[in-house]
Every structure is written in C-alpha cells, then in structure tokens.
Amino acid sequence: MIRFFDIVFSSLGLILGFPVLVLLSILGYFDTGSPILRQERVGRHKKPFILVKFRTMKIDTPIVATHLSSSASITRLGNILRRTKLDELPQLWNVLKGEMSLVGPRPCLFNQVQLIVERELRGVFEARPGITGLAQVNEIDMSTPKLLAETDQKMIVNFSIKTYFYYIFLTILGKGSGDRITF
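Mapped onto my numbering, the consecutive letters of the sequence shown carry residue numbers 785 to 967.
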C-alpha cells in the first residue's frame, strides 16, 4: 500500500511541481552552472543508487556527509533551497523509480562507515530509504550515527500507513531542519 501512495504522490509532485523544477533548474544553472546533483547513496539492502537533488553547494565541495561540510560551500541559492527544503524536490524521481520512499531512513553515503555499521546492526537497510522520517522531523542528523540508526530502527518497527502520513504532514509543516552544517 505504501508503494502505491509513493507512486501517486511522487507522480503528482513531479507533474504539479514541473514549473518549479524548471525554474529552479534555470536559477541553479546561473548559480553553479550545474543545478542537479547526482550522488551515489546506500539504498535498500545496501544496494547503490544515484540520488538526485538540486545542488546547494559549490561544485568543488568534497563528497562528505553534510555535517562535515563547511557553510562557506553553500551557495546563495543553495541556502534558500535548504531552508525551504526545495533541494529535495528532484528526489521524487527516485521515489517514482522505487529507489526511495517518501518516508524512510535518509540514504547515506558509502563513506559514512560508522553509520552503515550502526544501521546494519539494527536492520535499517531492510527498508527503502526516504525523503523524510522520524529522525528528520526530530532534527536528528547523520552527525550522531548511533542515535540516527536507533531512531531509524524505531521508525521501521512502528511503521504504518498512519505514521507514513504523519511524517509527511510534519515535514510539510516545516518540522525538522535537515542535516547541520559546520561553521
């Protein structure tokens, strides 16, 4: 049933959001010259997939977890995209393709070894990664791998249609702040 809702909502989001996607792509082109970021992430069952999102950092920024990046790397447009969470909009394509869900553990990078170990211990990779979830609405980010993995596990164990819509609702209301950047 969740997959059905993912397909419906991601399709609607991509169709209705198409003008916004085009506008942000054009603005992003003038901001960095390359508005879309394609990055390999750890997916369900630890299979790699290419996550797509709007670029919010300079092109030469090292590929590390967001909390390890410098705030100086964030572009002016990137700052707006992060605050409004519009940088995540292209991930609806990942949801439509079945690589992600609207709700699930945020997909990490393969170089986040400690987080991968913690998630493996708790069976988190059995779930499809998501755009939002329990950790995101509670402002728990990848800078605390054990706490994040424990929170992801709690979300998975208690997952239902009700919690699916609850996390989406909280995200739409602006709950959570995303991954923190070092200053």
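All residues carry an ideal CB built from backbone N, CA and C; glycine is no exception.
Quick caveat: nothing in here was measured; it's all calculated off a predicted structure.
Per DSSP, what kind of secondary structure is residue i in: helix, strand or coil?
i, result
"Arg860", "helix"
"Ser885", "strand"
"Met841", "strand"
"Arg822", "strand"
"Thr916", "strand"
"Glu923", "coil"
"Phe894", "coil"
"Lys959", "coil"
"Gly797", "helix"
"Leu880", "helix"
"Lys869", "coil"
Return the first residue and the last residue of the beta strand (DSSP E) that residue i is part of.
i, result
"Val836", "Pro832 to Phe838"
"Ile810", "Element bounds for Ile810: not the beta strand (DSSP E) but the alpha helix (DSSP H), Phe802 to Thr816."
From residue i to residue j, what distance separates their C-alpha atoms?
i, j, result
"Leu811", "Ala856", "19 Å"
"Thr859", "Phe838", "11 Å"
"Phe909", "Leu899", "11 Å"
"Gly1038", "Phe788", "What is shown of the chain runs 785 to 967, which leaves residue 1038 out entirely."
"Asn942", "Val921", "15 Å"
"Val897", "Lys930", "12 Å"
"Ile956", "Asn895", "30 Å"
"Tyr950", "Thr868", "19 Å"
Let me confirm a value: residue i is counted as buried when at least 16 other C-beta atoms fall within 10 Å, else exposed. Which label applies?
i, result
"Val804", "exposed"
"Ser818", "exposed"
"Ile799", "exposed"
Less than 8 Å between the beta carbons of residue i and residue j, yes or no?
i, j, result
"Thr816", "Ile843", "yes"
"Leu727", "Leu808", "This structure leaves residue 727 out entirely; the chain is present only between 785 and 967."
"Gly862", "Glu923", "no"
"Glu902", "Gly827", "no"
"Arg906", "Gly888", "no"
"Leu932", "Ile791", "no"
"Gly914", "Ser885", "yes"
"Ile820", "Tyr948", "no"
"Leu873", "Thr840", "no"
With residue i as the anchor, note down where its alpha helix (DSSP H) starts and where it stops.
i, result
"Leu932", "Pro929 to Val941"
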